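First up is the structure itself, then whatever we jot down about it.
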Amino acid sequence: MCRKFLKVNKDIIVTRADKGQVTVIMDRNDYIKKMKELLSDKNTYVELDKDPVKKVTRRVGELVKSWVNLDLIDEHTHRWLNASHSNIARCYGLPKIHKTGYPLRVIVSAIGSPSYNLATFFHEILVKSINRPNSYVGNGWTFIDKVRNVAIDKCETMVSFDVVSLFTNIPKELVIKAIEKRWDLISVDTKFNLDQFIYGIDVILNSTSFTFNGRFYSQIYGCPMGSPLSPIVADMVLDDLETICMERLDFKIKLFYRYVDVFMILPTDRIQQVLEIFNNYHPRLCFTVETEKNGTINFLDATVIRDNEALITDWYRKPTYSGRYINYFASNPLQHKINVITNLVDRAILLSDERFHDKNIQILNSILIINCYPPEFINKHVRNRLKQIEYRKTKNNGSSNNENKIRMCIPYVKGFSECVARILRGCQVNVTHVINKTLDGIVKCEKDKLERKNKTDVIYRINCKDCDVCYVGQTKRHLNTRISEHLSDIKKCENNWSVVSKHRDNVDHEFDWSEVEVLHQEKHLRKRLIAEMFYIKKHKTSINLQKDTDNLSDMYDLVLTKL
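Quick look at the structure:
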């Protein structure tokens with residue numbers, strides 16, 4: 001019903017918020033207007049006259065080919081990096097519901113774009129090479145372990161520094177300096193020399209082009225929100241900023257921890273000085289400051305509280321927090337629902353001082369009841385988790401016996417998947433259940449749709465115009481490339497004709513080339529081949545050869561009869 005409503009009311013979009021599990025309904029015209037305003041920033045974006053994907057694809061292809069010739073990468077890596085079947089990235093916006101006017105955050109969906117695998121390649125090298133600074137905290141758990149019971153004087157203030165629109169303001173020259181500074185570490189994990197490595201990074205940062213609302217754009221400054229490379233290079237730039245700004249101070253900061261935002265304890269009369277030093281580092285990197293209010297400040301998932309001359313913490317839920325979790329009546333495995341309770345108990349207890357535990361358990365209960373969890377189910381699993389937490393505090397459990405087990409993901413079918421998991425558990429295999437039916441078909445990002453002819457990694461069907469037969473095939477490449485091959489196949493020698501060409505010639509029929517149907521998309525070749533065989537068997541009138549399904553096990557026959 002919801003899909004039908006949205007199909008009729010095309011002026012409405014249903015998307016998700018920038019942060020938190022919140023569904024947002026927007027007027028389409030308002031959404032497009034806000035996005036156009038953001039993309040009109042001439043210091044960051046420029047509109048293009050035509051699709052640049054062929055130009056970028058050629059540049060990336062030439063680059064990785066040169067690396068093969070220099071023996072910098074092997075042929076397998078070359079095939080992975082070569083972007084011959086790519087499409088332009090697509091841009092969308094997510095509303096920041098915690099800010100006045102609900103501005104949008106620009107996200108570039110780069111998967112399948114010419115430089116995406118290249119960005120992943122460099123990301124993997126940098127992650128392996130670079131050590132995090134001592135000031136880095138990756139999550140709330142690490143942060144509270146570091147700040148809990150730290151002494152704080154009356155003349156000191158807790159502050160949080162937030163960098164404005166970090167990714168789109170990362171200067172390329174600072175990225176290059178950061179790489180040069182760390183080259184001794186990076187060079188251990190790559191065959192590239194410094195110039196070759198920097199050139200590869202430069203190609204990625206200069207290849208950020210995308211489409212929005214049918215128009216083409218290029219990002220001319222910073223790193224795109226959506227590229228695998230952006231987080232690691234942004235971290236490197238902030239690491240260097242931290243080091244240099246600290247050296248410029250005439251006093252030592254008592255406490256300094258950073259995720260993206262920065263948490264500090266500063267002398268109250270030095271806050272403005274520190275802010276100015278940070279903001280003078282580079283014109284495009286701008287920081288705002290938030291100071292403690294009534295002895296408290298929020299950072300990551302914790303509220304840090306001044307308790308006399310010490311610090312304690314409490315579980316913090318951001319203004320964007322929706323309290324929405326897997327509903328108890330959802331078609332998910334029971335273990336998923338138990339995991340919801342477990343994770344909430346961990347946050348309520350482990351992120352907070354013991355004086356807040358009772359209050360947080362009450363909040364936890366309210367959240368779960370809103371999500372339709374029965375009180376007896378809540379009480380049972382809350383008690384179980386509390387016992388486990390207490391046991392962990394008093395015992396050293398040693399290494400987990402799950403470390404050497406194989407992990408396998410299988411689609412969840414209630415009543416059946418549990419039996420499969422039980423059998424595989426005896427074979428030292430841990431099963432993770434994957435839910436195929438989600439709200440993604442309704443709550444989705446408003447990206448430009450790929451034209452059918454430009455889709456890749458597809459199983460497709462071509463119907464005959466003159467009879468009821470069809471042909472089912474698969475291709476990694478753009479669909480229009482494969483269809484062009486079908487059309488030109490009849491020009492070959494008759495002995496080399498495909499079944500499609502034979503049908504066209506033998507009975508003088510023609511296929512409906514303009515209405516080729518995409519049946520399924522699957523990136524992985526083995527899965528795509530299985531899906532192709534599945535659809536061939538499903539379509540009783542297909543003209544595919546018998547050998548096309550020889551590798552499909554007979555056990556699928558029963559499944560097919562039920563569909």
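Numbering follows UniProt numbering, in which position 432 of the sequence shown is assigned residue number 432; successive positions increment by one, without gaps. Glycine included, every Cβ here is placed at the ideal spot set by N, Cα and C. This one's a predicted model, so the numbers in the text were calculated from it and none came from an experiment.
request  = Note down, one range per segment and in chain order, each alpha helix (DSSP H) of at least 4 residues found wholly within the segment 311 to 369.
outcome  = 334 to 350
Measuring CA to CA, which of 109, 288, 103 is closest to residue 446? 109
Does the segment 321 to 335 come close enough to the segment 193 to 207 that 3 or more CB-CB pairs lie under 8 Å? With the cut-off at 8 Å, the segment 193 to 207 and the segment 321 to 335 do not touch.
Please return the same chain residues whose Cβ sits closer than 7 Å to the Cβ of residue 316, not counting the five positions on each side in sequence. 298, 301, 302, 303
Have a look at residue 459 and residue 477 and give me their C-alpha separation to the nearest angstrom.
11 Å
Would residue 133 and residue 239 be called neighbours here (beta carbons separated by less than 8 Å)? yes
- Taking C-beta to C-beta, are residue 289 and residue 159 nearer than 8 Å? yes
> Does any C-beta atom of chain C lie closer than 8 Å to the C-beta of residue 334?
Replying inline: Here chain C cannot be found, since the structure has a single protein chain.
Do the CB positions of residue 104 and residue 232 come within less than 8 Å of each other?
no
query: Going by the beta-carbon positions, is the gap between residue 313 and residue 60 smaller than 8 Å?
result: no
Q | First and last residue of the uninterrupted beta strand (DSSP E) at residue 434 | A | 429 to 434
In or out: residue 76 buried (at least 16 other Cβ within 10 Å) or exposed?
-> exposed
*Compute the distance between the beta-carbons of residue 209 and residue 89, then report whether it is under 8 Å.*
yes
In terms of alpha-carbon separation, which member of 38, 83, 523, 264 lies closest to residue 58?
83
*Option nearest residue 43 by Cα separation, candidates 369, 222, 408*: 222
Worksheet item: Would you call the segment 2 to 13 and the segment 177 to 197 in contact, with 3 or more CB pairs under 8 Å?
Response: no
I'd like to confirm the pairing. Which residues does DSSP put opposite residue 518 in its beta bridges? 460
Assuming residue 309 and residue 152 form a contact by the criterion Cβ under 8 Å, report the distance between their Cβ atoms to the nearest whole angstrom.
-> 6 Å
**Asked** Per DSSP, residue 23 forms a beta bridge with which residues?
**Response** 16
Around the C-beta of residue 488, are 16 or more other C-beta atoms found within 10 angstroms, so that it is buried, or is it exposed? Exposed: under 16 other Cβ atoms inside 10 Å.
Would you list the one or two residues that DSSP bridges to residue 473?
Paired residues: 460.
Report buried or exposed for residue 45, applying the criterion of at least 16 other Cβ atoms within 10 angstroms of its Cβ. buried
- Query: Does the separation of the CB atoms of residue 471 and residue 544 fall below 8 Å?
  - Reply: Yes, the Cβ-Cβ distance between residue 471 and residue 544 is below 8 Å.
- request: Leaving aside the five residues before and after residue 531 along the sequence, list all residues of the same chain whose C-beta is less than 6 Å from its C-beta, in chain order.
  value: 459, 520, 522
**Asked** What are the residues that DSSP puts in a beta bridge with residue 162?
**Response** 288
Grab me the residues of residue 248's own chain with a C-beta within less than 7 Å of its C-beta, minus the 5 sequence neighbours each way, in chain order. 277
Would the beta-carbon of residue 420 fall within 8 Å of that of residue 406? no
Can you tell me the Cα-Cα spacing of residue 399 and residue 129, whole angstroms? Residue placement at residue 399 is poorly supported in this model, since its pLDDT is 48, which falls under 50; the coordinates still yield a value, given next. Computed Cα separation, rounded: 27 Å.
Exercise for review: Jot down the residue ranges of each uninterrupted beta strand (DSSP E) in the segment 229 to 254, minimum 3 residues, whole runs only, in chain order.
Suggested key: none
- Nearest to residue 389 (by Cα), restricted to the options 30, 68, 346, 485: 346
For residue 484, count the other beta carbons within 10 Å of its own beta carbon; 16 or more makes it buried, fewer makes it exposed. Which is it? exposed
Open item on the list: I need the straight-line Cα distance from residue 156 to residue 98, nearest angstrom please.
Closed with: 29 Å
- prompt: In angstroms, rounded to a whole number, what distance separates the CA positions of residue 139 and residue 253?
  reply: 22 Å
How would you label residue 23, buried or exposed, when you count the other beta carbons within 10 angstroms and need 16 or more for buried?
exposed
- Spatial neighbours of residue 107 within its chain, please: CB distance less than 8 Å, with the 5 preceding and 5 following residues excluded, ordered by chain position. Contacts found: 91, 92, 93, 94, 225, 226, 445.
Buried or exposed: residue 473, going by 16 or more other Cβ atoms within 10 Å of its Cβ? So residue 473 ends up on the buried side.
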